[in-house]
Amino acid sequence: MAEQTSTANAWPADPADLIPAGRKRLGWGLLALATLGLLAIIVVQVLYKTEMSTVGFDTWRPVIYAYIVWGAALGAWQVLTRGEDGQRALFLLPALLFTIAMVIFPTLFGFYIALTDWNLSSFAGRRFNGLDNFWQMLADPYYRNALFNMVLYVLAVLVEYVIAFGLALLLNAQIRARKFFRVVFLLPLMLSPVAVSWMVGKSLMEYRFGPAATLARHLGWDNPAFFSDPITARISIMMLDAWTFIPFMMIMLLAGLQAMSREVLEAARVDGATAWQTFWQVTFPLMLPVSVTAVILRIIFKLKLADIIITLTSGGPGGATDSVSSFIYREYRDRSNVGYGTMLAMAYLIIIVVFVTWLLKFASRFVRNVN
Amino acid sequence: MSVQTTDYTVSEIRSPAAFIASRVFIYGALVFWAFVCLFPIYWTITTSFKSAVDVTQGHLVPFVDFQPDWKGWRSLGLSPDSIFQTSTVRDEFLKRFMNSVITSVGASGLAIIIGSLAAYGLVRYRYKFAWFKNEDISFFFLSQLILPPVVLALPFLVLYREVALLDTRIGLVLLYTLMVLPIVIWIMRDQFNSIPVELEEAALVDGLSIWGAFFRIVMPIALPGMVAAFILAMVLCWNEYFFAALLTSTDAKTIPVMVASQTGSQGINWWSMAALATAAIAPLAIIGIALERYLIMGMTAGSVK
């Protein structure tokens with residue numbers, strides 16, 4: 023399975039020839055035994071669960087144990103048969119086996135569930151229904167609405183970026199108590215979004231007594247209801263999410279600013295550039311690679327947005343603030359609609375993968391052109 | 006937003022008036038944003054000491070506007086006068102708290118172990134699994150970052166029931182490990198890249214094995230990076246809500262789920278809600294302030310060359 027070429031930096035010669043045949047046989051024997059064991063347990067379980075035999079375990083958990091044992095045998099096989107190369111492969115194996123087991127299998131299983139009619143609250147159980155869920159999804163106005171909201175939420179990242187850039191510039195200026203301000207600005211990132219949406223969204227922005235509503239009244243907004251009409255509610259959600267995540271971009275941009283060479287800025291000043299010109303023609307272009315990384319990472323996190331919406335508005339009013347994740351969450355929680363919910367999730371996954379791939383391509387071209 | 010560049014480029018050669026104006030603007034903006042960051046936290050902490058009237062009238066300053074009281078903390082069983090009495094709420098809270106501690110520390114630890122090993126292998130050696138080379142394997146790991154929790158949540162709900170991992174801490178630990186593994190590998194790759202390879206070559210010449218060199222030479226140097234990755238992973242796991250809400254019910258419920266389920270039949274008890282929220286955010290706030298250097302190190306790994 024793991025074939026390895028020689029290392030980049032010329033480690034001691036490949037010792038594969040020095041391994042005695044007996045040790046190789048032992049390695050192969052171990053692997054064969056573990057594979058057989060794993061297969062045997064799976065077969066026994068399948069037979070038991072399909073009621074073709076009476077011997078078996080109540081749950082599938084023994085299969086996990088067998089997989090772990092098999093993984094260990096795979097590692098031992100590598101070391102026994104391939105010596106130092108095997109030891110090198112051992113660095114990668116745990117993470118690889120773990121990720122494959124945790125991602126590939128559930129995702130494939132998810133694609134299968136997506137093609138079934140499966141409602142946990144009905145007695146009928148799982149039933150294969152082909153593409154029915156897919157057609158239902160295409161006709162679902164609420165799902166389209168959630169996707170549209172995701173577009174808005176992702177666009178809000180640009181505003182967050184501007185604010186984060188401004189804060190990074192502030193922190194990079196010649197100021198006193200820089201460390202204090204940096205810690206304070208970083209704090210919101212550490213707070214649990216659920217606690218934040220309760221204490222900020224439900225309490226601080228409370229219509230009757232919340233200080234934010236009081237402030238809004240003083241500023242001339244007669245009816246400061248943050249979550250009752252669709253547009254205001256969306257903006258409120260965006261603001262809350264921005265509040266927690268702006269520090270993330272800010273820190274990355276600040277690191278970029280601090281890594282910038284002072285000489286370039288000095289040179290611009292000597293040439294008589296104004297601050298405005300210096301920013302747009304020196305700082306901003308030099309910061310572009312860092313900016314692109316920060317924005318893309320932020321977008322990836324934004325695409326997972328759910329906690330705040332679930333706890334704060336449950337998607338309301340009328341689905342106006344729903345993100346795809348929160349919509350699917352309710353599809354499961356309130357309607358126990360596992361099959362349909364999974365179809366929505368899988369469609370979302372494909373959309374995201376296409377979108378992020380395009381984004382990365384677009385970004386790399388963009389960055390290269392500028393440099 | 007860009008006017009602040011004034012400071013380090015032009016301030017030295019401007020007139021004193023312009024200099025003062027730019028100072029005022031910069032500190033004004035800093036103080037304003039510090040207020041935006043701190044006020045919600047201040048509100049949360051003070052609300053846990055308020056009675057119902059004080060909350061609904063929007064009183065803000067303790068001892069001036071309202072008389073602080075241990076009300077919120079008493080309802081959690083954590084106030085000075087109730088701490089030695091038995092309290093079911095406190096037991097419940099401590100159980101949730103321990104669940105959160107165990108899952109986040111366990112997941113971060115597991116991710117650091119397998120993630121560091123993988124990152125080290127990917128940085129130092131060339132692999133070829135079938136037609137997958139190092140770049141492909143790295144991409145495979147990092148691409149997991151894109152995977153939204155909602156895609157995995159429902160399959161895992163079904164699979165976990167089959168393997169009896171539903172509502173267990175181990176089940177959550179495994180999922181959280183998966184969630185933070187890409188980030189750990191990202192940070193640790195950066196770390197190992199910055200360690201000169203000559204160190205290990207010398208160790209190998211001195212007779213250490215590959216793994217010996219890793220544990221005795223590389224690990225101690227990469228320790229700050231591991232701490233950074235660990236803390237960042239901790240933050241993500243501690244605050245995770247989506248998986249916990251779907252996959253736990255009674256035994257393995259974590260703090261965020263407990264916070265989210267606090268609506269009583271007579272509306273919300275703001276004081277106890279605030280006390281709970283304070284207790285939920287306090288551990289990370291303290292860690293964040295104390296180990297801010299590592300957090301920043303983790304977040305900036307790989308972004309700046």
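So the protein lines, in turn, are chains A and B.
So for the first sequence, the working numbering puts the first residue at 23; every next one is plus one.
So for the second sequence, the working numbering puts the first residue at 6; every next one is plus one.
All residues carry an ideal CB built from backbone N, CA and C; glycine is no exception.
Assign residue i to buried or exposed, taking buried as 16 or more other Cβ atoms, counted over all protein chains shown, within 10 Å of its Cβ.
i               : result
N245 of chain A : exposed
W276 of chain B : buried
E106 of chain A : buried
F170 of chain A : exposed
A57 of chain B  : exposed
R7 of chain A   : Because residue 7 of chain A is not part of the residues shown, which for chain A are 23 to 393, the question remains open.
Q9 of chain B   : Legend: pLDDT at Q9 of chain B = 44, less than 50; position of this residue unreliable, value from coordinates given subsequently. Buried, since its Cβ has 16 or more Cβ neighbours within 10 Å.
R174 of chain B : buried
L40 of chain A  : exposed
Y134 of chain A : exposed
V184 of chain A : exposed
F202 of chain A : exposed
A30 of chain A  : Legend: pLDDT at A30 of chain A = 43, less than 50; position of this residue unreliable, value from coordinates given subsequently. Classification for A30 of chain A: exposed.
Y47 of chain B  : exposed
R194 of chain B : buried
R149 of chain A : exposed
F384 of chain A : exposed
L241 of chain A : exposed
I122 of chain A : exposed
M124 of chain A : buried
D59 of chain B  : buried
V189 of chain B : buried
I372 of chain A : exposed
S386 of chain A : exposed
Q62 of chain B  : exposed
F98 of chain B  : buried
Between which two residues does the alpha helix (DSSP H) holding residue i run?
i               : result
Y229 of chain A : Segment: none, Y229 of chain A is in no alpha helix (DSSP H) and carries neither H nor E.
P269 of chain A : 252-281
D107 of chain A : 83-121
M312 of chain B : In this structure chain B extends from 6 to 310, so residue 312 of chain B is not present and cannot be described.
L251 of chain B : 247-252
D154 of chain A : 154-160
L180 of chain B : 174-198
G51 of chain A  : 43-71
F249 of chain A : Premise fails: F249 of chain A is in no alpha helix (DSSP H) and is neither H nor E.
K76 of chain B  : 76-80
R200 of chain A : 200-212
A295 of chain A : No alpha helix (DSSP H) holds A295 of chain A; DSSP gives it neither H nor E.
G338 of chain A : Per DSSP, G338 of chain A belongs to no alpha helix (DSSP H) and is neither H nor E.
What are the partner residues of residue i, as DSSP defines its beta bridges?
i               : result
F71 of chain B  : B:P67
R149 of chain A : A:D139
N359 of chain A : A:N141
Name the residues in the segment 363-388 of chain A whose C-beta lies less than 8 Å from a C-beta of chain B; which are they? G363, T364, A367, M368, Y370, L371, I374, V375, V378
request  = Decide if the segment 167-186 of chain B is in contact with the segment 106-122 of chain B; the criterion is three or more beta carbon pairs, one per stretch, under 8 Å apart.
outcome  = yes
Which residues, in order along the segment 87-101 of chain B, keep a beta-carbon less than 7 Å from a beta-carbon of chain A?
none
Check whether the segment 84-97 of chain A touches the segment 59-66 of chain A, taking contact to mean three or more Cβ pairs, one atom from each stretch, closer than 8 Å.
yes
*At a Cβ cut of 8 Å, what residues of the segment 104-118 of chain A count as close to chain E, listed as they run along the chain?*
Absence of chain E from the displayed structure is noted, the protein chains being A and B.
Discussion item. Counting only Cβ-Cβ distances shorter than 9 Å, please list the residues of the segment 212-233 of chain B near chain A, keeping chain order.
Written reply: S214, I215, W216, F219
Could you say if the segment 74-83 of chain B and the segment 292-305 of chain B meet the contact criterion of at least three C-beta pairs nearer than 8 Å? no
Where the segment 67-89 of chain A meets chain B: residues whose CB sits under 7 Å from a CB there: Across the segment 67-89 of chain A, CB contacts with chain B closer than 7 Å involve T81, W82, R83, I86, in sequence order along the chain.
* Would you say the segment 195-213 of chain A touches the segment 290-297 of chain B, given that touching needs at least three Cβ pairs under 8 Å? -> In short, these stretches touch, since the Cβ pair count reaches three.
Q | Three or more C-beta pairs below 8 Å linking the segment 152-168 of chain B and the segment 88-105 of chain B | A | Result no; under three Cβ-Cβ pairs closer than 8 Å.
| said: Pairs of beta-carbons, one from the segment 185-193 of chain A and one from the segment 261-269 of chain A, closer than 8 Å: are there three or more? | reply: yes
_So, does the segment 216-228 of chain A touch the segment 248-268 of chain B, judging by three or more C-beta pairs under 8 Å?_
yes
Check: So does the segment 138-146 of chain B actually touch the segment 230-237 of chain B, counting three or more Cβ pairs closer than 8 Å?
Finding: no
request  = Kindly confirm or deny that the segment 68-88 of chain A and the segment 144-162 of chain B touch, where touching means at least three C-beta pairs closer than 8 Å.
outcome  = no
- Message: Measuring CB atoms only, is the segment 96-116 of chain A touching the segment 118-132 of chain B, in the sense that at least three cross pairs come out at less than 8 Å?
- Response: yes
- Task: Could you run through the segment 241-256 of chain B and flag, in chain order, every residue whose CB is less than 9 Å away from some CB of chain A?
- Result: W243, N244, E245, Y246, F247, A250, L251
- prompt: Per the contact definition of three or more C-beta pairs closer than 8 Å, is the segment 345-357 of chain A in contact with the segment 325-333 of chain A?
  reply: yes
**OP:** Using a Cβ-Cβ cut-off of less than 8 Å, list which residues of the segment 324-343 of chain A approach chain B; keep chain order.
**Re:** Only those residues of the segment 324-343 of chain A whose C-beta falls short of 8 Å from the nearest C-beta of chain B are listed: L325, K326, A328, D329, I332, T333.
Residues of the segment 215-234 of chain A with a CB closer than 8 Å to any CB of chain B: list them in chain order, please.
P215, V216, A217, V218, W220, M221, V222, K224, S225, L226, R230, F231, G232, P233
Next on the checklist: For the pair the segment 27-46 of chain B and the segment 192-199 of chain A, tell me if three or more CB-CB distances fall below 8 Å.
Outcome noted: yes
**Within 9 Å of chain B by C-beta, residues of the segment 187-202 of chain A in sequence order** = F187, G188, L189, L191, L192, L193, N194, A195, Q196, I197, R198, A199, K201, F202
TODO: Please list the residues of the segment 51-73 of chain B that have a C-beta atom closer than 8 Å to any C-beta atom in chain A, keeping them in chain order.
DONE: T52, V60, T61, Q62, G63, L65
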